[in-house]
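The structure under discussion appears below in the form of structure tokens.
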Amino acid sequence: MDRQAKAVVCREWGQPVQVETITVEGPKRGEITLKIAACGVCHSDLSATTGKIQYPPPLVLGHEAAGVVVEVGEGVTDFQEGDHVVSSFISMCGKCRQCVRGRPVLCENARKAMFTLPDGTVRTKDANGEPLNVFGACGVMAEYATMHVDNCVKVEPGVPLQNAALVGCAVMTGVGAVFNTARVEPGSRTAVFGIGGVGLNAIQGCATAGAEMVIAVDNNPKKLAMAKEFGATHTVDLNEVDDAAKAIKKLTGGGVDYAFECVGAGPVVEQAYKALGRGGTAVVVGVADPKDKTSITTLTLPADERTLKGSWLGSSRPQHDFPRILGLYKAGKLKLDELITRTYTIDQAAEAFDDMVAGKNARGVIVFD
Ligand code: NAD
Ligand code: ZN
């Protein structure tokens, strides 16, 4: 059935987000409709409003949400009404070569579901009946969302949905970069550049993995203070040092084993790579502008056996890893409550985006009635 829903929409790159009442159509074959409980505001949503991430407007934002199934489409057997679901901004077909080799975040069909559902159409339209694209085949910064089951991960009830929402992006991305992409070993020396929702989770991932040193790098002293609460052992304030890589080499006596770039900018990738010691790995998590470039000293790759690699949704297997992360939370081994600095109503969405630009929150979360 059709449902009216308030939704956060980007109408034009460079303009503030708008809250509109839209129509969310019911599910077609292989789809489900969720009543969204909470949706985190991620820097990638912001990047979609500036055109850094080039999803064409008009676009319903949101890809980090949790909700409850309210309607199930034809042919859906794995979900039923009342199930708790976390969104995945990566569509996972489960059948392509990447999916079957255990790398669903690289699904060969995911590119068909970047700003529409996998069949190339949407279930969202505005008050004039015009179609609205959806961020990452999700568009979950809205009271309701109809999604393909390939973008849905069922989770156990019992975890507050506003905490579960964060697992859909920030937590999985940051912790997964450490656990899955880098596979940080106990005793490692690590550094994280950019202490937003993603970077803080890379910090707590490194701490949980038993890193000996966890160095947080940011230009916002408030973020560095948060980093300490999430397990950073040292901080580098970019207002106080000219060259973060040099400062890290000095702190560690030679460089880190793992550096995580959680900003999305070529010069920061360079810094992360330069901060490595011999045998070190730099992991790029931040999403840069498509034209952005980075440069490294080629010789250091073989002579130091360094690695430069990327990480997409924490190299996760969402169906396995989302519940696993929630299990670690329930066991008291990962912090989720503390990530939510502030909650907003959907009518306060523009303020939530402004607060992200101002660096006020670990994570700001829009909570629905
Ligand atoms: P955020 O806005 O919450 O945090 C970014 C942080 O970077 C802020 O604390 C800011 O002060 C800091 N910063 C800015 N410039 C810096 C610099 N030059 N050096 C060091 N720190 C700097 O953002 P977020 O939601 O944590 O997202 C971080 C990045 O991760 C974004 O690029 C986002 O698009 C990307 N992302 C990637 C994936 C993935 O799967 N790879 C998933 C989600 C988000
Ligand atoms: Zn995100």
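Residue numbers (this note's numbering): 585 to 953.
The beta carbon of each residue, even a glycine, is placed where N, CA and C say it ideally should be.
Nearest to residue 850 by CA position, among 866, 862 and 837, is which residue? Locating residue 850 in the sequence shown gives position 266, where the first residue counts as 1. Looking at the Cα atoms, 866 is the closest of the given residues.
Residue 771 versus residue 886: straight-line alpha-carbon distance, rounded: Along the sequence shown, read from residue 1 onward, the residue named residue 771 stands at position 187. Along the sequence shown, read from residue 1 onward, the residue named residue 886 stands at position 302. Straight-line Cα distance between these residues: approximately 24 angstroms.
Quick one: what's got a C-beta closer than 6 angstroms to residue 721's C-beta in the same chain, skipping five residues either side? If you number the sequence shown from 1, residue 721 lands on position 137. Answer for residue 721: 675, 697, 701 and 735, listed in chain order.
Rounded to whole angstroms, what is the Cα-Cα separation between residue 777 and residue 877? Here residue 777 corresponds to residue number 193 of the sequence shown, with the count starting at 1. Here residue 877 corresponds to residue number 293 of the sequence shown, with the count starting at 1. Cα to Cα, the separation comes out at about 17 angstroms.
Nearest neighbour of residue 709, chosen from 628, 605 and 820 [CA to CA]: On the sequence shown, position 125 is the one that residue 709 refers to. Of the listed residues, the one whose Cα sits closest to residue 709 is 605.
Cβ of residue 783 within 8 angstroms of Cβ of residue 846? Reading the sequence shown from its first residue, position 199 is the one you call residue 783. Reading the sequence shown from its first residue, position 262 is the one you call residue 846. Closer than 8 angstroms, so yes.
Residue 634 to residue 699, Cα distance in whole Å? Within the sequence shown, residue 634 is the residue found at index 50, counting from 1. Within the sequence shown, residue 699 is the residue found at index 115, counting from 1. If I take the Cα positions, the gap works out to 15 angstroms.
If you measure between the beta carbons of residue 843 and residue 822, is that distance less than 8 angstroms? In the sequence shown, residue 843 corresponds to position 259, counting from 1. In the sequence shown, residue 822 corresponds to position 238, counting from 1. No, they are not a contact pair.
Mapping DSSP to helix, strand and coil, what is residue 647? Position 63 of the sequence shown, counted from the start, is the residue given in the question as residue 647. Reduced to three states, the DSSP call for residue 647 is coil.
Among residues of its own chain, excluding the 5 on either side of residue 682, which ones have a beta-carbon nearer than 6 angstroms to its beta-carbon? Indexing the sequence shown from 1 puts residue 682 at position 98. So the qualifying residues of the chain are 690, 691 and 692.
With a threshold of 8 angstroms on Cβ separation, who are the neighbours of residue 746 within its own chain once the five nearest residues in sequence on each side are excluded? On the sequence shown, residue 746 is found 162 positions in, with the first residue counted as 1. For residue 746, where only same-chain residues beyond five positions count, the Cβ hits under 8 angstroms are 621, 622, 650, 924, 927, 949 and 951.
Considering residue 590, what are the terminal residues of the beta strand (DSSP E) in which it resides? Against the sequence shown, residue 590 aligns to sequence position 6. Per DSSP, residue 590 belongs to the beta strand (DSSP E) from 587-594.
Going by CA-CA distance only, name the one from 765, 817, 879 and 890 that's closest to residue 788. Along the sequence shown, one-based indexing puts residue 788 at 204. Considering only alpha carbons, the answer is 817.
Contact shell at 6 angstroms, judged by CB to any heavy atom of the ligand ZN, ordered along the chain: 626, 628, 647, 648 and 753
Give a single yes or no on whether residue 672 has its beta carbon closer than 7 angstroms to a heavy atom of the ligand NAD. Numbered from 1 along the sequence shown, position 88 holds the residue referred to as residue 672. Every heavy atom of the ligand NAD is 7 angstroms or more from the Cβ of residue 672, so no.
Could you check if residue 658 is buried or exposed, using at least 16 other CB atoms within 10 Å of its CB as the buried criterion? The count along the sequence shown starts at 1 and reaches residue 658 at position 74. Classification of residue 658: exposed, given that the 10 Å Cβ count is below 16.
Please classify residue 953: is it buried, with 16 or more other beta-carbons within 10 angstroms of its beta-carbon, or exposed? Your numbering for residue 953 matches position 369 in the sequence shown. So residue 953 counts as exposed.
Residue range of the unbroken beta strand (DSSP E) whose run includes residue 728: The residue given as residue 728 occupies position 144 in the sequence shown. Looking at the DSSP string, the run of the beta strand (DSSP E) that includes residue 728 is 728-732.
Within 10 angstroms of its Cβ, does residue 855 collect 16 or more other Cβ (buried), or is it exposed? Numbered from its first residue, the sequence shown carries residue 855 at position 271. Residue 855 is buried by the Cβ-count criterion.
Can you check the region 819-861 for any beta strand (DSSP E) of at least 3 residues that lies completely inside it and give the ranges in chain order? 840-845
Pick from 943, 640, 941 and 932 that is closest to residue 603, judged by C-alpha positions: Counting from one through the sequence shown, the residue named residue 603 turns up at place 19. That would be 932, whose Cα lies nearest to the Cα of residue 603.
From residue 612 to residue 732, what does the alpha carbon distance come to, in whole angstroms? Start at 1 with the first residue of the sequence shown, and residue 612 comes out as number 28. Start at 1 with the first residue of the sequence shown, and residue 732 comes out as number 148. Near 9 angstroms, if we compare the C-alpha coordinates of residue 732 and residue 612.
Nearest to residue 916 by CA position, among 654, 743 and 798, is which residue? By one-based count along the sequence shown, residue 916 stands at place 332. When each option's Cα is compared against that of residue 916, the closest is 743.
Would you list, in sequence order, the uninterrupted beta strand (DSSP E) runs of no fewer than 3 residues that lie entirely inside the region 740-803? 773-777 and 797-802
Say the cut is 7 angstroms; is the CB of residue 807 nearer than that to a heavy atom of the ligand NAD? Counting from one through the sequence shown, the residue named residue 807 turns up at place 223. Yes, since a heavy atom of the ligand NAD falls inside the 7 angstroms radius drawn around the Cβ of residue 807.
If we count the other Cβ atoms within 10 Å of its Cβ and call it buried at 16 or more, is residue 840 buried or exposed? As a position in the sequence shown, residue 840 is number 256, starting the count at 1. Its Cβ being crowded by 16 or more others within 10 Å, residue 840 is buried.
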